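Worksheet: one structure, shown below.
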Amino acid sequence: MQNILRMKKYNVPCPCMLMLIILARLTTSNAVESDISCLRSIKEHLEDPLQTLSTWKFDNISEGFVCGFTGVRCWNDQENRVLAIQLANMRLRGPFPMGISNCTSMQVLNLSGNYLSGSIPSNLANNLPYIVSLDLSNNNLSGSIPSRIANWSFMSVLMLDKNHLTGQIPQELSKLTRLWKFSVANNRLSGPLPILSDATFPAESYANNLELCGDPLDACIDEDLVGLFLSGFEVGCSLFTILTMFFMLFFSPRLIIRNMVSYFKPMKKIKRKKHCLIPRIPQILVVDVAGIKKKKVNSPIPLSITCNDMFNTKLTSMEKFIRRLSLAELKMATNNFDNKNAIGYGNMGIMYKAMFPNSLLLAIKRLHRFDGFVKDFLLEIEILGRLRHTNLVPLLGFCHERKKSFLVYKYMCNGTLHQWLHCRPQVEAKKMDWVLRYKIAVGIARGLSWLHNNNVLRVAHLKITSKCILLDDKFEPKISNFGNSIILMNTSGIPSSDCNFLVPNANPSPYKEDVYSFGMLLLELITGMRNNPLTAYRCGLDVCVIDEYLVGQGFDEEIYKTHKIAESCIRDEATTMLQVYQAMQAIEISRNEITVDVEDNEGDF
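Read in order, the letters of the sequence shown are residues -31 to -1, 1 to 574 in mature numbering (1 follows the signal peptide of the UniProt record, and there is no 0).
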């Protein structure tokens, strides 16, 4: 009795209450350990060239120690429970960190502007049930959008733009009733759009994908309705033909007989050879409804030349420069354009890797919509079909069938310069040392100066970026993507495909645009920045803006001289590409490490 009174006096908890407290402690402890494991996994599995995660040290396991990590916010500073991970624009590289699913209490995840690859884990929504904001934009993610994202009932922000996502947008996303910020632009998505809670999402949220349809884009085409329309059209044509024949047979026999007699009347003054039939073309009849009369029309009917006629004529004329391929050949080489063979995506179309029967490896660009890229298609054929140079991508063929257009190039096994500067793992990126970068820059300058000064077609490219520079097996640069170019002088005597492409007596400003873009490209090679290399120009060259892979390689003086050339390209209106190429060639010769090729064919300078 005294013990019972003592327990009441001191409010000693009963055994059940003690058990609940112990379980709560264990649950909290497990949750904290899970969050620490989550952060540790991110640091271990991602390359961190900027050493942003250097503050993430796990040797001091105390309450709230992770709350001081860069980019990490906790629910409160007294416990290691992660509320948000925000690591945007930190140049992190590697596959999507699977361990991130251990931060089970997290609400905000922002990994945008990095170089994450792989697919979005399908079980992410199950493991992170409280996510409110997810931003994975501007990465290298591929695969489809998981339909389980719809399980995030509290989701208000979903940004997946500027990746390489394929397939359809899951219709289940219509369950996200709280969504107010959303974008899947610049991917490879297709199919109908889901009906989201907020119908005010602009078309820009879906821009630059394959074949998306639905509000606010073009309406989707119902295949059943199309089939029904075609069936009705065929029936209508048949009925019209029958009625026309009935009318001609029973209401206009006189007209038919006259026409037949006129048609088969023997021709005079023409000696017919054996097995040679020359039919006589009947006279054009003008029927007068009041009294059926036949009038001779001697003058020919003027025919207007349609745009389609001009287009087909141009393609035929270009067949003497490059080969015209059939759609069946291209389908066979790409396994019917299987997504597994897709190697690149751009505003104009998708690039596929193709293997032809003779084991020739080529690249095929499939245009998204032909009616939107007629000019680009013709310009690409016009320029690359007639110009051949070491630093221009070789165009080997084209195809146009069933309102679908394709361009066939030589396959470049090393991809684009942009991929090597910004998207490669750290081990591979180190291969892009200064000697190789400078070799690439000299090749681009050589190609541009030849485009500006050759004796066949003088061309201003107008859109030189690291994305349009392809690299072959020896890292020789090849300029591509001429869809925005201008032909400034045509000295070949062969008509251009469209008078709008040719700019006679043009001032040198289009050439200057190429010079300026090349200067920006030089800064990108020096700094490794893809978003704003102009910082290096405005602030002057400093160790802090030079790409970390170039520091301490012994080429500081050469980098400084190249930076001066870039400044001249950007600042000096009088600078030409030929002057730039000659200046860069002089630096290369003075270094005396790379042999300069002086070609006497087709215009190397």
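No residue lacks a Cβ here, since even glycine has one placed at the ideal position from N, Cα and C. Treat the numbers as computed from the prediction; the structure is a model and nothing was measured.
Of 543, 147 and 213, the smallest CA-CA separation from residue 125 is found for 147. Relative to the Cα of residue 303, the nearest Cα in the group 97, 326 and 288 belongs to 326. Below 8 Å, enough C-beta pairs join the segment 48 to 62 and the segment 73 to 81 to call them touching: three or more.
The alpha-carbon of residue 539 is positioned some 6 Å away from that of residue 488. The Cβ atoms of residue 356 and residue 323 lie no closer than 9 Å to each other. A Cβ-Cβ distance of about 17 Å is found for the pair residue 414 and residue 479, leaving them out of contact under the 8 Å criterion. Looking at the DSSP output, residue 368 shares a beta bridge with 375. In this chain, residue 414 is not harboured by any beta strand (DSSP E); it is covered by the alpha helix (DSSP H) spanning 403 to 422.
No residue range can be given for residue 430, since it is assigned to no alpha helix (DSSP H) and is classified by DSSP as neither H nor E. One Cα belongs to residue 369, the other to residue 297, and the distance between them is close to 11 Å. One Cα belongs to residue 14, the other to residue 550, and the distance between them is close to 42 Å. The secondary-structure analysis by DSSP pairs residue 323 across a beta bridge with 331. Each of 67, 446 and 456 was checked against the Cα of residue 424, and the nearest Cα belongs to 456. A contact is defined here as three or more CB-CB pairs under 8 Å, and the segment 63 to 72 meets this definition with respect to the segment 81 to 90. Bounds of any alpha helix (DSSP H) do not take in residue 311; it lies within the beta strand (DSSP E) bounded by 311 to 314. In the DSSP annotation of this structure, the continuous segment of the alpha helix (DSSP H) that includes residue 551 starts and ends at 546 to 560. Per the coordinates, the alpha-carbon of residue 530 lies some 9 Å from the alpha-carbon of residue 553. Contact between residue 172 and residue 185 is confirmed by a C-beta separation of about 5 Å, below the 8 Å threshold. According to DSSP, residue 293 shares a beta bridge with 367.
Beyond the five residues adjoining it in sequence on each side, residue 527 comes within less than 8 Å, by CB distance, of 403, 407, 556 and 560 in the same chain, given in chain order. Between residue 486 and residue 534, the gap from beta carbon to beta carbon reaches 9 Å or more.
In this structure, the beta-carbon distance from residue 437 to residue 449 falls below 9 Å. Every beta strand (DSSP E) of 3 residues or more that sits fully in the segment 103 to 127 is shown, in chain order, as 109 to 112. DSSP places residue 63 in the uninterrupted beta strand (DSSP E) bounded by 62 to 64. Residue 535 carries a helical assignment under DSSP once its states are collapsed to helix, strand and coil. Assignment of residue 479 by DSSP, reduced to helix, strand and coil, places it in the helix class. DSSP places residue 390 in the uninterrupted alpha helix (DSSP H) bounded by 386 to 391. Assigned with DSSP and collapsed to three states, residue 96 falls in helix. With a 10 Å radius around the Cβ and a threshold of 16 neighbouring Cβ atoms, residue 546 comes out buried.
Boundaries of the alpha helix (DSSP H) harbouring residue 344: 343 to 355, taken from the DSSP string. Spatial neighbours of residue 387 in its own chain (CB-CB distance under 6 Å, excluding positions within 5 residues in sequence) are listed in chain order as 435 and 436. Contact between the segment 391 to 403 and the segment 365 to 380 is absent: fewer than three C-beta pairs spanning the two stretches fall below 8 Å. The residues 364, in chain order, have a CB closer than 6 Å to that of residue 353 in the same chain once the five nearest residues on each side in sequence are set aside. When the beta-carbon positions are compared, residue 181 and residue 161 come within less than 9 Å of each other.
Contact annotation: residue 152 and residue 127 have beta-carbon atoms nearer than 9 Å.
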